[in-house]
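A.B. asks: Sharing a structure with you now.
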Amino acid sequence: MDGRNRSGGAPAGAVVHKYGGSSLASLEDVRRVAERVRDRHHAEGPLVVVVSARGGTTDDLLRTARELGTAHGCREVDQLLATGENASAATLALALHRLGVPAVSLSGPQAGITVEGRHGEGMIDAFSPVRVRDHLDGGATVVVAGFQGEGRGGDVQTLGRGGSDTTAVALTAALDAPLCEIRTDVDGVYTADPRIVPDAHILAHVPGEVMAEMAYAGSRVLHSRSVELAAARGVAIRVRHASGRGPGSLVGGTPATDAPPVAALAHDPDTARLLIRGGSGTAALASDLLRLFAERSVRVDLVGHTLPSQDRLRLGCTLRTEDLPEIIPALRSRLAAAGAELAVDEHVGKVSLVADSTHNMPGLAATALRALREAGIPVSWVSASPLRASAVVPRERTADAVRLLHDLLGLARSGEPATSLAPV
């Protein structure tokens, strides 16, 4: 991505803000956001505001597409979905005009975003925000429609649910802006989802690599690609409530010198597990199957497979339930040709303990597995890395598992696992 303009960057103070759909759900919400943007504009100069579609809009548009018999992930559905963010950007710009603030709305393509990959799951390929800079230099606040960019042939292409976060981070990097503020309906990044763990608390600072693992494991606070992009480009993100109350959580950047170790729980109830067995040509078949996932931009997790020296393939992974229609037909076709079988389990959830490198992850994983077993919560799949331990449990027990581990590991007390727990 192109990161500088003719004058060497964005105007001083041009912080990038992102507002989610819940912050813009009603016209009164839009007016409140416009007032906050006006105050920031008058105090520090023009800024960039990235917006999502107003609350519920994307779901309504997807419902319309489904009722017309069209699956997510095609050109016309992207054309349809992009209207939600475009309307949100224009509405906020109109509200700013009414408050006397010079403002202009831009679609993703107008803002200079180019995208590659499949429709519905595009990835930002380049960002040349010439028009954004020109408007900022002219004293106008710029409202950019998130979640979209220009794909091949000039068509609009969307970035997947939560993609407005990625738009905001990419703009921050391209403009050399000092900070990306994600304004949302929560007060920051919690030790667990506060909707199911009432005593979860906010983490003041989350290392970028820890947040990336949390997002990938199911945390909905930030889009996983936005965190990966922020880490790659050295962008600091502050997650805070849309009202601006409280300091929120700093993701990446430089923590305070006395910052405590970080640990948290993430969960994903919308998980499916695939198990592939049989077939010949183990190494080639495994490679072909993983290539199918990559070609369709389907992210898989907890991947394990047999060694190339073994005659029969046994490959397992988890993925998002919503990606099943995209990948299952292609998998079945390839497996039928190889004489292999596919089993799909959609009745599972994933629970993950994520911690920074100061923690003993194998020990914490052992403690967690023992506790789940003793609580009668079956664990059917386990994976561990230096920063994350994940377990697959029955979907209906996912929330129970999160509450149990949050309490057991002492996250409500200190934000880090209790040191007195001896792994078994």
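If you want the numbering used here, it's the position in the sequence shown, counting the first as 1, plus 1. Glycine residues also receive a C-beta, built at the ideal position from the N, C-alpha and C atoms.
Mind reading off the beta-carbon distance from G209 to H268? Whole number of angstroms is fine, and I expect it under 8 Å.
C.D. replies: Not quite, the Cβ-Cβ distance comes to about 21 Å (not below 8 Å), so this is no contact.
A.B. asks: So what's F148 in DSSP terms, helix, strand or just coil?
C.D. replies: Looking at F148 - three-state DSSP - the assignment turns out to be coil, as it is neither helix nor strand.
A.B. asks: Straight-line CA distance for G161 to G121?
C.D. replies: Cα-Cα distance, rounded: 5 Å.
A.B. asks: May I ask you to list the residues that DSSP assigns as paired with L406?
C.D. replies: Partner(s): none; L406 has no beta bridge.
A.B. asks: Using the rule of at least 16 other Cβ atoms within 10 Å of the residue's Cβ for burial, across every protein chain shown, is T359 buried or exposed?
C.D. replies: T359 comes out exposed.
A.B. asks: May I ask you to report which of helix, strand or coil DSSP gives T59?
C.D. replies: T59 falls in the helix class under three-state DSSP.
A.B. asks: With distances taken Cα to Cα, identify the nearest neighbour of L336 among F294, R278, G253.
C.D. replies: When each option's Cα is compared against that of L336, the closest is R278.
A.B. asks: Give me the Cα-Cα distance between S381 and V394, rounded to the nearest whole angstrom.
C.D. replies: Each residue's alpha carbon lies about 6 Å from the other.
A.B. asks: Can you give me the C-alpha to C-alpha distance between V144 and I183, rounded to a whole angstrom?
C.D. replies: In a straight line, the C-alpha of V144 is about 14 Å away from that of I183.
A.B. asks: How would you label L28, buried or exposed, when you count the other beta carbons within 10 angstroms and need 16 or more for buried?
C.D. replies: By the neighbour-count rule (16 or more Cβ atoms within 10 Å), L28 is not buried but exposed.
A.B. asks: Tell me, please, whether the region 74-88 touches the region 138-156 by the rule of three or more beta-carbon pairs shorter than 8 Å.
C.D. replies: Yes, the region 74-88 is in contact with the region 138-156.
A.B. asks: Looking only at C-alpha atoms, which of A104, D61, A66 sits nearest to E36?
C.D. replies: Among A104, D61, A66, the Cα nearest to that of E36 belongs to A104.
A.B. asks: Quick one: Cα of G247 to Cα of I114, how far?
C.D. replies: Their backbone Cα atoms lie some 32 Å apart in a straight line.
A.B. asks: Which ranges does the alpha helix (DSSP H) cover as unbroken runs of at least 4 residues, wholly within the region 280-334, from first to last along the chain?
C.D. replies: Qualifying alpha helix (DSSP H) stretches, in chain order: 283-296.
A.B. asks: Which of helix, strand or coil does DSSP assign to V102?
C.D. replies: Of the three classes helix, strand and coil, the one that applies to V102 here is coil, per DSSP.
A.B. asks: Taking the CB atoms as reference points, tell me whether A169 and V17 lie closer together than 7 Å.
C.D. replies: Yes, these two residues count as a Cβ contact at 7 Å.
A.B. asks: Does the Cβ of D357 have 16 or more other Cβ atoms within 10 Å, making it buried, or fewer, making it exposed?
C.D. replies: D357 comes out buried.
A.B. asks: Please confirm whether G249 and A237 have their CB atoms less than 7 Å apart.
C.D. replies: The answer is no: Cβ separation not under 7 Å.
A.B. asks: In whole angstroms, what is the alpha-carbon distance linking D126 and I378?
C.D. replies: Their Cα atoms are separated by approximately 43 Å.
A.B. asks: Where does E182 fall in DSSP's three states?
C.D. replies: If DSSP states are grouped into helix, strand and coil, E182 belongs with the strands.
A.B. asks: Return the bridge partner residues of L266 from the DSSP annotation.
C.D. replies: The partner list for L266 (beta bridge, DSSP) reads L354.
A.B. asks: Within 10 angstroms of its Cβ, does A243 collect 16 or more other Cβ (buried), or is it exposed?
C.D. replies: When all chains shown are included, A243 counts as buried.
A.B. asks: For R404 and P387, what's the separation of their Cα atoms in angstroms?
C.D. replies: Taking the straight line joining both Cα atoms gives about 23 Å.
A.B. asks: From the DSSP output, in three-state form, read off Q158 for me.
C.D. replies: Strand at Q158.
A.B. asks: What residue range does the beta strand (DSSP E) around V126 cover?
C.D. replies: Looking at the sequence itself, residue 126 is Asp, so the reference to Val does not match. Here the beta strand (DSSP E) through D126 covers 124-128.
A.B. asks: Have a look at the DSSP bridge pairing and note the partners of H206.
C.D. replies: Paired residue(s): L251.
A.B. asks: Rounded to whole angstroms, what is the Cα-Cα separation between V301 and L82?
C.D. replies: Rounded to whole angstroms, V301 to L82 spans 25 Å at the Cα level.
A.B. asks: Using DSSP with H/G/I as helix, E/B as strand and the rest coil, what is P395?
C.D. replies: If DSSP states are grouped into helix, strand and coil, P395 belongs with the strands.
A.B. asks: When you compare the CB positions of V190 and V240, do they come within less than 7 Å of one another, or not?
C.D. replies: Taking 7 Å as the Cβ cut-off, V190 and V240 qualify as a contacting pair.
A.B. asks: I need the DSSP call for L48, collapsed to helix, strand or coil.
C.D. replies: L48 falls in the coil class under three-state DSSP.
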